[in-house]
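In my numbering, the protein residues as written are 269 to 509.
By construction, the Cβ of each residue, glycine as well, lies at the ideal position given by its N, Cα and C atoms.
Predicted model, so just to flag it, every value in this text is computed and none were measured.
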Ligand SMILES: [Fe+2]
């Protein structure tokens, strides 16, 4: 096995970046069983993912989306077509094409690795975080010194507050945080660091959080009208007519 990560035998881990949408995609694999999953794959990079997984002697078993993305098209459906992997997204997503609809507390098994799904709605109603013992993939729920917008896709600032304060911030402080995006080049954080320094987490009540989120005016994502319907079809909309 040539593709070890940080010299740690228990986990193969890679963080990949899509510079168009500033999306992070993660590869998590079990070096013993050679099973791998991709979290938040971007369709344009599917050939590169498949090549890397092949070169490292791994077998892709899952392509997981943390939520219905509005800024890029998922590579999940194409990866399933090419590798026969399963695709997974939250049960609240309208994506009927998904192989697996995840619910809160369920576990996705990647060989001997157990990825626990935590429903963290607020950015969207189908937002999930995925937890390993030492790290959490937070999608757009918790970003580095930020948090996901709550003004579209069934977003709800009160739900986001609950997801942040009553779910993610209850994880141990050293838990590493790997978000779905960063726009300044930061690659990871920890729960403790975000608790202390994330300006969105310095509020004292759900109402204060909702007021803060309502004050943020963001432009509509450029690809939204294309990405959302495409992602409801696992990134592979049927061409009709
Ligand atoms: Fe998002």
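{"query": "With contact counted as at least three CB pairs below 8 Å, one residue from each stretch, are the stretch 363–371 and the stretch 315–328 in contact?", "result": "no"}
{"query": "Helix, strand or coil for residue 351? Go by DSSP, reduced to three states.", "result": "helix"}
{"query": "Do you know how far the Cα of residue 473 is from the Cα of residue 346?", "result": "42 Å"}
{"query": "Going by C-alpha distance, which of 440, 416 and 461 is nearest residue 338?", "result": "416"}
{"query": "Any idea if residue 316 is buried or exposed, counting beta-carbon neighbours within 10 angstroms, 16 or more meaning buried?", "result": "exposed"}
{"query": "Measure the C-alpha to C-alpha separation of residue 278 and residue 442 and round it to an integer number of angstroms.", "result": "18 Å"}
{"query": "Comparing the CB of residue 333 with every heavy atom of ligand 1, is any distance shorter than 7 Å?", "result": "no"}
{"query": "Compute the distance between the beta-carbons of residue 354 and residue 318, then report whether it is under 8 Å.", "result": "no"}
{"query": "By how many angstroms is the C-alpha of residue 421 removed from the C-alpha of residue 384?", "result": "24 Å"}
{"query": "Who are the near neighbours of residue 285 in its chain, counting only those whose CB is closer than 8 Å to its CB and skipping five residues on each side?", "result": "291, 292 and 293"}
{"query": "Can you name the start and end residues of the alpha helix (DSSP H) that residue 479 belongs to?", "result": "474–482"}
{"query": "Would you say residue 297 faces chain D, with C-beta separation under 8 Å as the test?", "result": "Looking for chain D here will not work: only one protein chain is present."}
{"query": "Report the partner residues of residue 283 according to the DSSP bridge assignment.", "result": "294"}
{"query": "Relative to ligand 1, is the shortest distance from any of its heavy atoms to the C-beta of residue 391 smaller than 7 Å?", "result": "yes"}
{"query": "Between the stretch 400–412 and the stretch 451–470, do at least 3 Cβ pairs fall closer than 8 Å?", "result": "yes"}
{"query": "Residues in its own chain within less than 8 Å of residue 314 by CB, not counting five upstream and five downstream?", "result": "343, 346, 347 and 350"}
{"query": "Could you give the C-beta distance for residue 334 and residue 308, rounded to a whole number, given that I count them as a contact under 8 Å?", "result": "6 Å"}
{"query": "Please state whether DSSP places residue 346 in a helix, a strand or coil.", "result": "helix"}
{"query": "Could you check what DSSP says for residue 509 in three-state terms: helix, strand or coil?", "result": "Because the pLDDT of residue 509 is 47, which lies under 50, any placement of that residue in the model is unreliable, and the number read from its coordinates should be weighed accordingly. Of the three classes helix, strand and coil, the one that applies to residue 509 here is coil, per DSSP."}
{"query": "Report buried or exposed for residue 352, applying the criterion of at least 16 other Cβ atoms within 10 angstroms of its Cβ.", "result": "exposed"}
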